[in-house]
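Data first, discussion second: the structure below is written as structure tokens.
There are 2 protein chains.
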Amino acid sequence: MASDHALNPTSQSLTQDPVAAEPIDPSSAKREILHNLLQEAASFNLSNTSSLLYHAYTSLPHSSPSHHVNWAGFYTLDPTSPHTSPSLILGPFQGRTACQTIAFNRGVCGTAAAKKRTVRVHDVHEFPGHIACDERSRSEIVVPILRHWKVVAIIDIDCAEVGGFDEVDEEYLGRLSNLLSKSCDWAS
Amino acid sequence: MASDHALNPTSQSLTQDPVAAEPIDPSSAKREILHNLLQEAASFNLSNTSSLLYHAYTSLPHSSPSHHVNWAGFYTLDPTSPHTSPSLILGPFQGRTACQTIAFNRGVCGTAAAKKRTVRVHDVHEFPGHIACDERSRSEIVVPILRHWKVVAIIDIDCAEVGGFDEVDEEYLGRLSNLLSKSCDWAS
């Protein structure tokens, strides 16, 4: 993971410049925290990684909308669902109880799974077909995990504030997705 | 689950007696909350049940030591571990990151799994071989889930106060264990 440092120069100044007196840039703080998360997640399963994610986000400065993450976890491909009508089943997470199964194409999670791409929603109330598992959730990001071009799971994170996620989350959660695709045992 | 009501007369008075003015008995509050949890858990998988458990305990009155639960979840039998040397693997939970694998006989979890019985620890510092995943944990209860007399998983709950669990927890978590033994799909 040494290459992460080259991609993440801002995090160096946060920890190495003793004379830096200005307030912490929330975006830089997020990069540093998500960078550290990637290091730790390399040896963790989905259960531990859901805890890492939740506590990473909620440890962000209060000035960051992402601080208000209220749900973080995974859905995995339901191996009993028909190939022609696949669905996701609730996996490890941190937060309040959630929908236990979600069909591909349904809501934000199902859309990301069906389209095999990250879906970032600024305001869930404006997303057609949004599934309201927790009414406190106001924004959401869902990143599919692919193995051999097949969706095996999704990363799902909800935030209690509108606009909780940006391109930094897309970048780091995309890298987490790639990592988990390789480090976890997925049913073939 | 109708028979639960017969076993739980104290919960009736909490909700049905409008003239009850004395403070809520923590033990009665716990019975009512765990009774409701059993109803909901009947249709939930382990991921949702870990959330039910955590939020049930932390919703108890502050006067109950169990209010200070800081970790609630499951370990499941690691199907790749040798039959002669079985181990548990971290499953869904709520709380800080935890030990990812635990050998049978090791710590509170491994002892409960090896002995196939509930282990309730008043003060983890006095339990020989206790595994300190989270240093805030001061007491713990572990209840094995058996399927055909074989341990398939354990329920593990930690509390940040000494003496967080009593015979009420043993009773209701034992019933949860029986429920999950039947309601979940366990690898044979």
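If you read the protein sequences in the order shown, they are chains A and B.
Quick note: the first sequence uses our numbering, first residue 1, plus one each step.
Quick note: the second sequence uses our numbering, first residue 189, plus one each step.
Using N, Cα and C, we set each Cβ at its ideal position, and we do this for glycine too.
Everything numeric in this text was worked out from a predicted model, so none of it was measured.
Validate contact between the region 319–333 of chain B and the region 79–96 of chain A using beta carbons, cut 8 Å, 3 pairs: no
Is Glu140 of chain A helix, strand or coil when you go by DSSP? Taking the first residue of the first sequence as 1, we reach residue 140 of chain A at position 140. Here Glu140 of chain A sits in strand by DSSP.
Run through chain A and tell me which residues come within less than 7 Å of Pro382 of chain B, C-beta to C-beta. Not covered by the structure: residue 382 of chain B. The range shown for chain B is 189 to 376.
Under 8 Å between C-beta atoms of Gln358 of chain B and Ser327 of chain B: As a working mapping, residue 358 of chain B is identified with position 170 in the second sequence. As a working mapping, residue 327 of chain B is identified with position 139 in the second sequence. Correcting the residue identity first, residue 358 of chain B is Glu in this sequence and not Gln. No; because the gap between Cβ atoms is not below 8 Å, this pair is not in contact.
Members of the region 75–106 of chain A near chain B, C-beta cut-off 8 Å: Ile89, Leu90, Gly91, Pro92, Phe93, Gln94, Gly95, Arg96, Thr97, Ala98 and Gln100
Determine which residues share a DSSP beta bridge with Ser275 of chain B and list them. As a position in the second sequence, residue 275 of chain B is number 87, starting the count at 1. Note: Ser275 of chain B sits in a beta bridge opposite B:Ala291.
Counting only Cβ pairs nearer than 7 Å, list the residues of chain A close to Leu240 of chain B. Taking the first residue of the second sequence as position 1, residue 240 of chain B is located at position 52. The answer, in chain order, is Thr97.
With a threshold of 8 Å between beta-carbons, can His243 of chain B be considered close to chain A, or not? For the purposes of this step, residue 243 of chain B is taken as residue 55 along the second sequence, with counting starting at 1. Chain A contact via Cβ: present.
Which residues bound the alpha helix (DSSP H) around Arg363 of chain B? In the second sequence, the residue the question calls residue 363 of chain B occupies position 175. Note, Arg363 of chain B: alpha helix (DSSP H), Glu355 to Ser371.
Range of the contiguous alpha helix (DSSP H) that encloses Ala72 of chain A: Reading the first sequence from its first residue, position 72 is the one you call residue 72 of chain A. Here Ala72 of chain A belongs to no alpha helix (DSSP H); instead the beta strand (DSSP E) covers Val69 to Leu77.
CA-to-CA distance, Thr84 of chain A to Cys287 of chain B, given in whole angstroms: Locating residue 287 of chain B in the second sequence gives position 99, counting from the first residue. Locating residue 84 of chain A in the first sequence gives position 84, counting from the first residue. Cα to Cα, Cys287 of chain B sits roughly 38 Å from Thr84 of chain A.
What does the alpha-carbon distance come out to for the pair Arg294 of chain B and Lys304 of chain B? Within the second sequence, numbered from 1, the residue matching residue 294 of chain B stands at position 106. Within the second sequence, numbered from 1, the residue matching residue 304 of chain B stands at position 116. Their Cα atoms are separated by approximately 13 Å.
Chain A within 8 Å of Ser191 of chain B, Cβ atoms only: As a position in the second sequence, residue 191 of chain B is number 3, starting the count at 1. With a pLDDT of only 35 at Ser191 of chain B, under 50, the local geometry of the prediction cannot be trusted, and no value is derived from it.
Simplified DSSP state of Lys115 of chain A, which is helix, strand or coil: Stepping through the first sequence from its first residue, residue 115 of chain A is reached at position 115. Reduced to three states, the DSSP call for Lys115 of chain A is helix.
Can a CB atom of chain B be found closer than 8 Å to the CB of Phe127 of chain A? Within the first sequence, numbered from 1, the residue matching residue 127 of chain A stands at position 127. No, no contact with chain B.
Please say whether Thr76 of chain A and Val152 of chain A have beta carbons closer to each other than 8 Å? Locating residue 152 of chain A in the first sequence gives position 152, counting from the first residue. Locating residue 76 of chain A in the first sequence gives position 76, counting from the first residue. Yes. Within cutoff.
Start and end residues, beta strand (DSSP E) containing Ala375 of chain B: Working through the second sequence from its first residue, we reach residue 375 of chain B at position 187. Looking at the DSSP string, Ala375 of chain B is not in any beta strand (DSSP E), and its letter there is neither H nor E.
Is Pro79 of chain A near Ser235 of chain B, with beta carbons less than 8 Å apart? For the purposes of this step, residue 79 of chain A is taken as residue 79 along the first sequence, with counting starting at 1. For the purposes of this step, residue 235 of chain B is taken as residue 47 along the second sequence, with counting starting at 1. No, they are not a contact pair.
Let me check understanding here. Comparing Cα to Cα, which of B:Ala217, B:Thr246 and B:Phe262 lies closest to Ser369 of chain B? Here residue 369 of chain B corresponds to residue number 181 of the second sequence, with the count starting at 1. Closest option to Ser369 of chain B, Cα to Cα, is B:Phe262.
Leaving out the 5 sequence neighbours to the left and right, which residues in its chain are closer than 7 Å to Thr58 of chain A when beta-carbon positions are compared? Counting from 1 along the first sequence, the entry for residue 58 of chain A is found at position 58. So the list reads His67 and Val69, once near-sequence residues are dropped.
Contact belief for Ile345 of chain B with Ile329 of chain B at Cβ below 8 Å, rounded distance in angstroms: On the second sequence, position 157 is the one that residue 345 of chain B refers to. On the second sequence, position 141 is the one that residue 329 of chain B refers to. With 8 Å as the limit, Ile345 of chain B and Ile329 of chain B qualify as a contact, their Cβ atoms being about 5 Å apart.
When the Cα atoms are used, what is the spatial distance from Leu225 of chain B to Ala41 of chain A? The count along the second sequence starts at 1 and reaches residue 225 of chain B at position 37. The count along the first sequence starts at 1 and reaches residue 41 of chain A at position 41. Their Cα atoms are separated by approximately 32 Å.
Can you grab the Cα-Cα spacing for the pair Thr237 of chain B / Ser183 of chain A, in whole Å? Locating residue 237 of chain B in the second sequence gives position 49, where the first residue counts as 1. Locating residue 183 of chain A in the first sequence gives position 183, where the first residue counts as 1. Each residue's alpha carbon lies about 26 Å from the other.
In chain B, what lies closer than 7 Å to Phe165 of chain A by C-beta? What you label residue 165 of chain A is simply residue 165 of the first sequence in a count that begins at 1. Neighbours of Phe165 of chain A on chain B: none; closest Cβ ~22 Å, over 7 Å.
Completely contained alpha helix (DSSP H) runs for the region 43–72 of chain A, where each covers 4 or more residues: 46–58
Determine, using beta carbons only, whether His243 of chain B comes closer than 8 Å to chain E. Considering every chain present, this structure includes no chain E. Its protein chains are A and B.
Assign Ala29 of chain A to one of three DSSP states: helix, strand, or coil. Along the first sequence, read from residue 1 onward, the residue named residue 29 of chain A stands at position 29. Here Ala29 of chain A sits in helix by DSSP.
Residue of B:Pro253, B:Ser239, B:Val296 and B:Phe232 minimising C-alpha distance to Ala217 of chain B: Here the question's residue 217 of chain B lines up with position 29 in the second sequence. Measuring from the Cα of Ala217 of chain B, the nearest candidate turns out to be B:Pro253.
Can you look up Gly110 of chain A in the DSSP assignment and give me helix, strand or coil? Here the question's residue 110 of chain A lines up with position 110 in the first sequence. Three-state result, Gly110 of chain A: helix.
Strand pairing of Phe93 of chain A, partner residues [DSSP]: Walking along the first sequence from the start, residue 93 of chain A turns up at place 93. Answer is A:Gly73, bridged to Phe93 of chain A.
Hey, how far is the Cα of Leu361 of chain B from the Cα of Ala291 of chain B? Numbered from 1 along the second sequence, position 173 holds the residue referred to as residue 361 of chain B. Numbered from 1 along the second sequence, position 103 holds the residue referred to as residue 291 of chain B. Looking at the two C-alpha atoms, the distance is approximately 22 Å.
Kindly list the residues whose CB is nearer than 7 Å to the CB of Arg120 of chain A, restricted to its own chain and excluding five residues on each side of it in sequence; keep chain order. On the first sequence, residue 120 of chain A is found 120 positions in, with the first residue counted as 1. Excluding residues within five positions, the ones whose Cβ falls inside 7 Å are Ile141, Phe165 and Glu170.
Beta-carbon proximity list for Asp311 of chain B, same chain, < 7 Å, skipping 5 on both sides: The residue you call residue 311 of chain B lines up with position 123 of the second sequence. Cβ neighbours of Asp311 of chain B beyond the five flanking positions: Arg326, Ser327 and Val350.
Helix, strand or coil at Ala98 of chain A [DSSP, three-state]: Looking up residue 98 of chain A in the first sequence gives position 98. Three-state DSSP puts Ala98 of chain A in coil, outside helix and strand.
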